[in-house]
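S.K.: I'd like to ask you about the structure that follows.
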Amino acid sequence: MRVEFESELWIWDARRDESWTFVSLPTDASEEIRHRAGGLRRGFGSLRVRVTVGGTVWTTSIFPDSGRNAYVLPIKRAVRTSESLSAGDVTVVAVELLDI
Numbered sequence: 001m002r003v004e005f006e007s008e009l010w011i012w013d014a015r016r017d018e019s020w021t022f023v024s025l026p027t028d029a030s031e032e033i034r035h036r037a038g039g040l041r042r043g044f045g046s047l048r049v050r051v052t053v054g055g056t057v058w059t060t061s062i063f064p065d066s067g068r069n070a071y072v073l074p075i076k077r078a079v080r081t082s083e084s085l086s087a088g089d090v091t092v093v094a095v096e097l098l099d100i
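Residue numbers for the sequence shown follow the numbering used here, so the first one is 1 and each next one is one higher.
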């Protein structure tokens, strides 16, 4: 399964001093992912994904966020730097589920 969407980068409040930056997957895509995963999960409920933002592709995990009723995706510093992104910017993200 591959999902492409636009999302705003936001900083996780609990780790604001370390600038952990995320995007939220759309709720409808998150529901479909939960359905397809069917209980398959790793630590913290994570699922492995391949991500594309601009010209950068990497493998990471998405995590369920009950407060947002969606999965969230960390955008690491190297990606933000190479793609000239900061918290508050909106970017196009493609997420491909692995292992499902």
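Here a beta-carbon is modelled for each residue, glycine too, at the ideal position from N, C-alpha and C.
Following the continuous alpha helix (DSSP H) through aspartate 28, name the residue where it begins and the one where it ends.
M.R.: 27-37
S.K.: Out of curiosity, what's the CA-to-CA distance linking glycine 45 and aspartate 65?
M.R.: The straight-line gap from Cα to Cα measures roughly 9 Å.
S.K.: Since alanine 70 is in the alpha helix (DSSP H), which residue starts that stretch and which ends it?
M.R.: Note, alanine 70: premise wrong, no alpha helix (DSSP H); beta strand (DSSP E) at 70-74.
S.K.: Would you say serine 7 reaches chain B, if we count a Cβ-Cβ gap shorter than 8 Å as a contact?
M.R.: Here there is only one protein chain, and chain B is not present.
S.K.: To which residues does DSSP link tryptophan 10 through a beta bridge?
M.R.: Phe22
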